[in-house]
Amino acid sequence: MKPLFIFLLVLLSLASSYIIFVSVRNPDFFVSTRYDVSVINGFKNNSSLPLVIWCSSSRGDMGGRALQEGDDFSWSLETNIWGTPLYGCTMKWDETRKPFVAFEVGRDSSRCAPSRKCFWLCQDDFEITIIRIHWPYLGSNSSASDGNP
1073 MKPLFIFLLV LLSLASSYII FVSVRNPDFF VSTRYDVSVI NGFKNNSSLP
1123 LVIWCSSSRG DMGGRALQEG DDFSWSLETN IWGTPLYGCT MKWDETRKPF
1173 VAFEVGRDSS RCAPSRKCFW LCQDDFEITI IRIHWPYLGS NSSASDGNP
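In the numbering used here, the protein residues as written are 1073 to 1221.
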């Protein structure tokens, strides 16, 4: 009986340590968190042909939009304990297509913080850039691209 008790105590201790580690590393892991995502047409000269974007997630198809210069396709989502949903989009302009992941919990929960707003800018060369927007009371605007949205 005593070895079983010690085993269960060690197992409980390891599980508690893991939960604490995960919650410190990613505080939103155990709760549903709301994010706002926008994909912006940053093309400089596409007045004759819109950028078409089609998005979907594990929760369903979100449909497509034809975006003129400066237009955006926006939606809100809530995460869950399993780190889902994953949102993917495909952009098309003329004959060029490019898929990209618009929201992934593990990648975007910290990079879209603290506002929980993710802005993606699609540029003329189909480079997808995350824009970190800090509202006036949080600081100045900045953007960054790591080559892999």
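Even glycine gets a Cβ: it sits at the ideal position worked out from N, Cα and C. The structure presented is a predicted model; accordingly, all values stated were derived computationally and were not measured.
The beta carbon of M1134 is closer than 7 Å to those of C1127, S1128 and W1147 in its chain, skipping five residues each way along the sequence. D1133 sits in a strand when the DSSP states are folded into three classes. Residues of the same chain with a CB within less than 8 Å of the CB of G1136, apart from the 5 flanking positions on each side, are V1124, I1125, W1126 and C1127 in chain order.
Counting only the Cα atoms, L1083 lies some 11 Å from Y1090. Straight through space, the alpha carbons of S1104 and C1184 are spaced by roughly 15 Å. Of all alpha-carbon atoms in L1081, F1079 and R1106, the one lying nearest the alpha-carbon of I1153 is that of R1106. Here the C-alpha atom of F1115 lies approximately 5 Å from the C-alpha atom of D1196.
Residue pairing of I1125 in beta bridges, as defined by DSSP: R1137 and M1163. Sequence-distant Cβ neighbours of A1138 in its own chain, meaning closer than 7 Å and more than five residues away, are P1122 and V1124.
Here DSSP, grouped into helix, strand and coil, assigns R1188 to coil.
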